[in-house]
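Participant: In this note's numbering, the protein residues as written are 2 to 237.
All C-beta atoms, glycine included, are put in the ideal place defined by N, C-alpha and C.
Dropping the structure in here first, questions after.
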Amino acid sequence: SPGWASEGPGTSGKNRRVCHAAARLEMGSLWEEFNRLGTEMIVTKAGRRMFPTFQVKLSGLDPLADYVLLMDFVPLDDKRYRWGWGDGDGEGGRVPAVLSPPPRRYAFHSSSWLAAGRADPAAPGRVHFHPDSPAKGAQWMRQIVSFDKLKLTNNLLDDNGHIILNSMHRYQPRFHVVFVDPRRDSERFAHQNFKSFSFPETQFMAVTAYQNHRITQLKIASNPFAKGFRDGEPES
């Protein structure tokens with residue numbers, strides 16, 4: 002049904018406790034609204050939570066089996082970007098030329114995201130485990146799973162376990178369901194015991210400050226924690 006995602010082809014070799022797992026992205030219409038503008042997520046040295054928050058509704062798990070849920074973030078391409086005027090570096094130009102599908106309206110007046118060279122060296126790869134892990138399938142399916150504790154940082158030396166990203170680079174969040182296999186030799190079956198999900202509408206540009214003011218406006222209008230901005234006061 003619409004809004005539900007699965008791993009797609011190649012799931013036949015998966016453990017029966019994950020092969021039927023399905024995930025639906027919550028707040029899908031809000032993610033789509035941001036995506037049409039070109040979602041930006043703030044990264045800070047101390048770490049910043051995502052908005053919209055990544056939330057999913059799960060189905061198809063074994064109610065009595067144990068599962069670990071986690072997320073990671075993968076680069077969407079090998080480019081670094083800048084927000085401004087012009088035609089970019091000639092290796093991809095304006096972002097709309099290299100984004101498909103779906104089409105995105107990144108340009109605002111004459112400003113847009115432009116390719117500005119090769120990507121910086123990849124930040125240390127990290128995963129974020131949902132703090133309720135491990136838990137029974139029944140518990141995971143009972144309510145919406147929210148990754149509201151996840152924080153994004155650009156500090157390569159971060160020792161708080163936050164997700165490390167390069168600013169001005171594009172990323173795709175990925176969500177993974179891992180069956181906790183009780184067999185003594187479970188590592189032999191590791192490739193069978195997980196299922197991964199990606200939602201294209203959650204792609205974003207990592208930034209240290211919002212570049213597109215339409216993104217700023219939408220964040221303020223839709224984020225309950227941005228009330229101070231709406232009242233004309235700085236965010237606490």
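Drop a sphere of 10 angstroms on the beta-carbon of Arg-17, count the other beta-carbons inside from all chains shown, and report buried for 16 or more, exposed for fewer.
Facilitator: That one is exposed.
Participant: Could you tell me whether the Cβ atoms of His-163 and Val-146 are closer together than 8 Å?
Facilitator: Not closer than 8 Å, so no.
Participant: Can you tell me which of Ala-47, Pro-53 and Asp-186 puts its alpha carbon nearest to the alpha carbon of Phe-148?
Facilitator: Among Ala-47, Pro-53 and Asp-186, the Cα nearest to that of Phe-148 is on Pro-53.
Participant: Starting from His-177, follow the beta strand (DSSP E) in both directions and report where the run begins and ends.
Facilitator: Looking at the DSSP string, the run of the beta strand (DSSP E) that includes His-177 is 171-180.
Participant: Throw me the rounded Cβ distance for the Arg-83 and Met-169 pair, which I believe falls under 8 Å.
Facilitator: About 6 Å; that satisfies the 8 Å criterion.
Participant: Let me know if Gly-85 comes out buried or exposed under the rule of 16 or more other beta-carbons within 10 Å of its beta-carbon.
Facilitator: It counts as exposed.
Participant: So, helix, strand or coil for Phe-190, using DSSP?
Facilitator: Three-state DSSP puts Phe-190 in a helix.
Participant: If we ignore side chains and look at the alpha-carbon of each, how far apart do Arg-189 and His-214 end up?
Facilitator: Whole-angstrom Cα-Cα distance: 50 Å.
Participant: In terms of residue numbering, what span does the beta strand (DSSP E) encompassing Thr-154 cover?
Facilitator: Unbroken beta strand (DSSP E) run through Thr-154: 152-154.
Participant: For the candidate residues Phe-195, Arg-143 and Leu-115, whose alpha-carbon lies nearest to that of Arg-81?
Facilitator: Cα-wise, what sits closest to Arg-81 is Leu-115.
Participant: Going by Cα to Cα distance, which pick from Leu-219, Ala-139 and Pro-183 is closest to Leu-65?
Facilitator: It is Ala-139.
Participant: Compute the beta-carbon to beta-carbon distance between Phe-35 and Pro-174, rounded to the nearest angstrom, for a pair I have assumed lies under 8 Å.
Facilitator: Actually they are not in contact, since the Cβ atoms of Phe-35 and Pro-174 sit about 13 Å apart, beyond 8 Å.
Participant: My guess is that Lys-46 and Thr-154 are in contact by the Cβ rule of under 8 Å, so how many angstroms apart are they, rounded?
Facilitator: Sure, about 6 Å apart at Cβ, within 8 Å.
Participant: Which same chain residues, not among the five before or five after Met-32, have their C-beta less than 7 Å away from its C-beta?
Facilitator: Looking at the sequence provided, one finds Trp at residue 32 rather than Met. Contacts found: Leu-26, Pro-53, Glu-202 and Thr-203.
Participant: Locate the alpha helix (DSSP H) running through Lys-46, then write down its first and last residues.
Facilitator: Note, Lys-46: premise wrong, no alpha helix (DSSP H); not H, not E.
Participant: Could you check whether Gly-48 and His-21 sit closer than 8 Å to each other, using their CB atoms as the reference points?
Facilitator: No; because the gap between Cβ atoms is not below 8 Å, this pair is not in contact.
Participant: Looking at the structure shown, is His-129 part of a helix, part of a strand, or coil, going by DSSP?
Facilitator: Three-state DSSP puts His-129 in a strand.
Participant: With 16 other CB atoms within 10 Å as the buried threshold, where does Gln-212 fall?
Facilitator: Buried.
Participant: Which whole-angstrom value describes the C-beta separation of Pro-135 and Val-181, a residue pair presumed to lie in contact below a C-beta threshold of 8 Å?
Facilitator: At roughly 5 Å, the Cβ-Cβ gap stays under 8 Å, so Pro-135 and Val-181 are in contact.
Participant: Starting from Ser-197 and walking both ways along the beta strand (DSSP E), at which residues does that stretch end?
Facilitator: Counting along the chain, the beta strand (DSSP E) containing Ser-197 begins and ends at 195-199.
Participant: Output the distance between the C-alpha atoms of Ala-108 and Ile-216, rounded to the nearest integer angstrom.
Facilitator: At Ala-108 the pLDDT is 46, less than 50, meaning the model places this residue with poor confidence; the figure from the coordinates comes in the next sentence. Roughly 12 Å separates the two Cα atoms.
Participant: Since Ile-165 sits in a beta bridge, which residues does DSSP pair it with?
Facilitator: In the DSSP output, where bridge partners are listed per residue, Ile-165 has Thr-154.
Participant: Report the rounded CA-to-CA distance for Tyr-68 versus Lys-152, giving the unit in angstroms.
Facilitator: Approximately 22 Å, taken between the alpha carbons.
Participant: Hey, Phe-1 and Val-57: beta-carbon distance below 8 Å or not?
Facilitator: Residue 1 is absent from the structure shown; the chain starts at 2 and stops at 237.
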